[in-house]
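Beneath this line is the structure, given in structure tokens, with notes to follow.
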Amino acid sequence: MPFTSPNMNYLRRVDLNHLVTLQALLSEKHISRAAIRLSKSQPAVSHSLAYLRKTFDDPLLIRRAGKLELTSKAEELLQPLEEALAQLTTLFEPPEFSPMLANRTFRIAMSDYGVRVLLPNLLSQIRAIAPNIKFIIKQGSREAMIASVVDGECDIAFGVFPDIDKELQKETLFEDEFVCVADKSTLPDCGYLSLSAWLSRFHLLIALKEGVDNEIDNSLNKIGHKRNISVILPHSSIAGELVRGTDLILTAAKRTLGTLEKQSELTLFRPPFHIDSFNFDAIWHKRKATDPSHIWLRKMIYHSLTVKVTPNSVCV
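The sequence shown begins at 1 in full-length UniProt numbering and counts up one residue at a time.
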């Protein structure tokens, strides 16, 4: 006879809908995030929590230092609860995701850099096979993008994420490096600047707001230098136009520069000091890991980065 945990007796007395809510609450430790995960209102989840507390004769979640934590009984319930619900889900085949028929909106957080390097190829492929898929693109700081994924406000985020919350998953999409751009007429014949010459020039910075740390100035600080920033832009689309015909220097990730390298008036050259290359990552919450539509989107993202768009290059 298989072993039955005493907690299973509790679980058998509770309505299945409340069990699903209980799992979300114990996993998220947050009423609002549990409500988002379940597509329910916050009052409905709070009402269910009150019912569960009465049923189990235990508070289940208690507030400490401004956060909800599991009680000892809740800790004991979590594993048998997850096992019970996992067994139930095996009774049903997950719905197959059909891109051509799907009517789904994805909320994605990314910077201007992400828009330039990801969206053109990705949208070209998705529009060919999933005409009813919609995207809402949100922009924000690194911290804001992480928070939006944790809170369920965004399905996936793209950026540089050296540290993420433990409930998130991460995949590196590619590595990029920094290069400098200047008007060719302002450079010596060698097309390069020494560190002293580079520091004597005025610079253009791409940043959402002033005063935010960036890899370029952090690298300069390490060797005891600071550059003269003349212009701060929140996006890179016009950066090349501002460099052309001026003495400004733009230092930015190579992939964000697009076709600037092909413009005869401009020259791209390596920075005269070391700046670490960086990984460009995708992050999503563990709750999305097995969602068929989310799995499909992630596959399309990887495909769009490796396959040139042609009428026959899209995948289903």
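Each residue gets a CB set at the ideal place from its N, CA and C atoms; glycine is no exception.
Beta strand (DSSP E) segment containing E143, residue limits: Element bounds for E143: not the beta strand (DSSP E) but the alpha helix (DSSP H), 142 to 150.
Beta carbon of R227 nearer than 8 Å to that of C154: no
DSSP state of R64 mapped onto helix, strand, coil: strand
Cβ-Cβ distance between M100 and A65 below 8 Å: No Cβ-Cβ contact shorter than 8 Å links M100 with A65.
Residue span of the alpha helix (DSSP H) that contains F56, given as start and end: Per DSSP, F56 belongs to the alpha helix (DSSP H) from 42 to 56.
Burial state of E83 (16 or more Cβ within 10 Å): exposed
Pairwise C-alpha distance: D58 and T290: 31 Å
8 Å contact criterion, which H203 and I229 should meet: CB distance rounded: At roughly 5 Å, the Cβ-Cβ gap stays under 8 Å, so H203 and I229 are in contact.
Residue environment, C190, which counts as buried when at least 16 other CB atoms sit within 10 Å: A residue is called buried when at least 16 other Cβ atoms come within 10 angstroms of its Cβ; C190 does not meet this threshold and is exposed.
Element boundaries [alpha helix (DSSP H), containing T306]: 292 to 306
Limits of the unbroken alpha helix (DSSP H) element including H18: Where H18 is concerned, the enclosing alpha helix (DSSP H) stretches over 16 to 28.
Beta-carbon proximity list for Y51, same chain, < 7 Å, skipping 5 on both sides: H18
Beta-carbon spacing of S236, A252 below 8 Å: yes
Beta-carbon contacts of F3 that lie in its chain and below 7 Å, excluding the five residues immediately before and after: Only weak support exists for where F3 lies, its pLDDT of 37 falling under 50; the value from the coordinates is given anyway. Around F3: no qualifying Cβ.
Of the listed residues Y113, N214, D247, nearest to S200 (C-alpha basis): D247
A102 (DSSP reduced to helix, strand or coil): coil
Candidates I137, E241, A128: closest to T105 by CA position: I137
Where the beta strand (DSSP E) through residue 367 begins and ends: Only positions 1 to 316 of the chain appear in the structure, and residue 367 is not among them; the question remains open.
Buried or exposed by the 16-neighbour rule on C-beta atoms within 10 Å, applied to H274: exposed
Closest Cα partner of R142 within the set Q125, L38, A128, D165: D165
Alpha helix (DSSP H) segment containing V117, residue limits: From DSSP, the alpha helix (DSSP H) with V117 extends over 112 to 129.
Separation of D15 from S48, as counted between CA atoms: 10 Å
Check whether V20 and A35 have beta carbons under 8 Å apart: The Cβ atoms of V20 and A35 do not sit closer than 8 Å to each other.
Whether R37 touches G152 by CB criterion (8 Å): yes
Under the three-state DSSP convention, the category P2 falls into: Low confidence applies here, because P2 scores a pLDDT of 40, under 50, leaving its location unreliable; read the following figure in that light. The answer is coil: DSSP assigns P2 none of H, G, I, E or B.
Contact between the segment 299 to 308 and the segment 110 to 125 (3+ Cβ pairs under 8 Å): yes
Under the three-state DSSP convention, the category I216 falls into: Helix.
C-alpha distance - V316 paired with N121, whole-angstrom precision: Confidence in V316 is poor, its pLDDT being 36 and thus under 50, which makes the residue's placement too unreliable to answer from.
Residue range of the beta strand (DSSP E) that includes I156: 156 to 159
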